[in-house]
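Novice: Here's a structure for you.
In my numbering, the protein residues as written are 544 to 641.
In structure tokens, the structure reads:
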């Protein structure tokens, strides 16, 4: 059995903002492929701030495809508690959006 796939967002970015930027990072990390595989992933985010719009771009497609419970089982976020809460709150809101 292999461990979780480790994905790291470039730590030189001090603020991660904007849905388009989140989508770009999503593409660079290959999250569509991660969504399809049977394993889990750890996403390391070592930055000062992350906006909810960035998170929507980063994980919105995953939440819509997998559902919230499966998304939270598949992905773990190695980051500060406040950024982790922003991620989980934003993921929940994705399902509420039209």
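No residue lacks a Cβ here, since even glycine has one placed at the ideal position from N, Cα and C.
Kindly provide the ranges of any alpha helix (DSSP H) runs that are 4 or more residues long and lie completely inside the stretch 594-640, ordered along the chain.
Specialist: Taking only runs of at least 4 residues, the alpha helix (DSSP H) segments lying wholly in the stretch 594-640 are 595-609, 611-617, 624-639.
Novice: Quick check: the Cα distance between residue 578 and residue 613, rounded to an integer number of angstroms?
Specialist: Position 35 of the chain shown, counted from the start, is the residue given in the question as residue 578. Position 70 of the chain shown, counted from the start, is the residue given in the question as residue 613. Computed Cα separation, rounded: 10 Å.
Novice: Nearest-angstrom Cα distance between residue 587 and residue 572?
Specialist: Working through the chain shown from its first residue, we reach residue 587 at position 44. Working through the chain shown from its first residue, we reach residue 572 at position 29. About 11 Å.
Novice: Any idea which residues DSSP pairs residue 558 with across the strands?
Specialist: In the chain shown, counting from the first residue as 1, residue 558 sits at position 15. DSSP, once it has assigned bridges, lists 592 as partnering residue 558.
Novice: With respect to the alpha helix (DSSP H) encompassing residue 575, which residues constitute its N-terminal and C-terminal limits?
Specialist: Taking the first residue of the chain shown as position 1, residue 575 is located at position 32. Per DSSP, residue 575 belongs to the alpha helix (DSSP H) from 574-579.
Novice: Just the C-alpha distance for residue 604 and residue 592, rounded to the nearest angstrom, thanks.
Specialist: Position 61 of the chain shown, counting from 1, holds the residue named residue 604. Position 49 of the chain shown, counting from 1, holds the residue named residue 592. Approximately 21 Å between the Cα atoms of the pair.
Novice: In whole angstroms, what is the alpha-carbon distance linking residue 594 and residue 554?
Specialist: Counted from its first residue, the chain shown places residue 594 at position 51. Counted from its first residue, the chain shown places residue 554 at position 11. If I take the Cα positions, the gap works out to 15 Å.
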